[in-house]
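Beneath this line is the structure, given in structure tokens, with notes to follow.
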Amino acid sequence: MFTLIPDAVIRIASNGSVETIEAFRLMRSDLAYKLENREARPTENDYQRASEFLTGETGIVLDIDAVKALLSLYPAARISLANDDLDDDFVGDRLKDAVADAFVNCRWPRHDDEVDLDAFASVLHAQAEAMGYGVIFGPPEPQTTFHFD
Numbered sequence: 002m003f004t005l006i007p008d009a010v011i012r013i014a015s016n017g018s019v020e021t022i023e024a025f026r027l028m029r030s031d032l033a034y035k036l037e038n039r040e041a042r043p044t045e046n047d048y049q050r051a052s053e054f055l056t057g058e059t060g061i062v063l064d065i066d067a068v069k070a071l072l073s074l075y076p077a078a079r080i081s082l083a084n085d086d087l088d089d090d091f092v093g094d095r096l097k098d099a100v101a102d103a104f105v106n107c108r109w110p111r112h113d114d115e116v117d118l119d120a121f122a123s124v125l126h127a128q129a130e131a132m133g134y135g136v137i138f139g140p141p142e143p144q145t146t147f148h149f150d
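If you want it as structure tokens, here you go:
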């Protein structure tokens, strides 16, 4: 879900550093994992837990059917939910990223984004309401994972 622009890919690839080589290896590994698991489906219990998690974390009321529909558009998040534990931050982060991308075409805020969470929630919730989803008001908390040191 983290999309680089073509120019950035070229600049990164031309770097040739150990970090760059590892980044591209991880990209290949991630693609291989997704292809191997493309048919993985969460259980009804997984979808129920995801529904509760996403409603609480995003402030958008997403029932099981809404989560199923959303994850049909985000197979990486669906695969993570099917294969890993929702208590794993990585799974929760992928789910929240899917919601943010679906409604406002961006990833979920991180602490180092220094974003106004009230403003983000306002835009996110307005988009969700415009699509007919219920909203629980209050700013969503930024995620704390995906930090690369």
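Numbering of the sequence shown is given in this note's numbering, commencing with residue 2 and proceeding in unit increments. Think of the CB as a built atom: it goes at the ideal place given N, C-alpha and C, for glycine as much as any other residue.
Item checked: Segment contact flag, the stretch 79-93 with the stretch 50-68, C-beta cutoff 8 Å, min 3 pairs -> yes
Item checked: C-alpha distance - Gln111 paired with Ala122, whole-angstrom precision -> Here residue 111 is taken as the residue at index 110 of the sequence shown, counted from 1. Here residue 122 is taken as the residue at index 121 of the sequence shown, counted from 1. A small fix is needed here, since residue 111 is Arg in this sequence, not Gln. Roughly 13 Å between the two C-alpha positions.
Item checked: DSSP-derived helix/strand/coil call for Asp150 -> Here the question's residue 150 lines up with position 149 in the sequence shown. Note that Asp150 scores 47 on pLDDT, short of 50, meaning its location in the model is unreliable; the coordinates nonetheless yield the value given after this. Of the three classes helix, strand and coil, the one that applies to Asp150 here is coil, per DSSP.
Check: How big is the Cα-Cα spacing for Asn46 and Arg108?
Finding: By one-based count along the sequence shown, residue 46 stands at place 45. By one-based count along the sequence shown, residue 108 stands at place 107. Going by the C-alpha atoms only, they are around 26 Å apart.
Check: Going by the CB atoms, is the gap between Ile137 and Val62 shorter than 8 Å?
Finding: The residue given as residue 62 occupies position 61 in the sequence shown. The residue given as residue 137 occupies position 136 in the sequence shown. Yes, Cβ-Cβ distance for Val62 and Ile137 is below 8 Å.
Checklist line | Sub-8 Å separation of Leu82 and Leu72 beta-carbons | finding: Along the sequence shown, one-based indexing puts residue 82 at 81. Along the sequence shown, one-based indexing puts residue 72 at 71. Closer than 8 Å, so yes.
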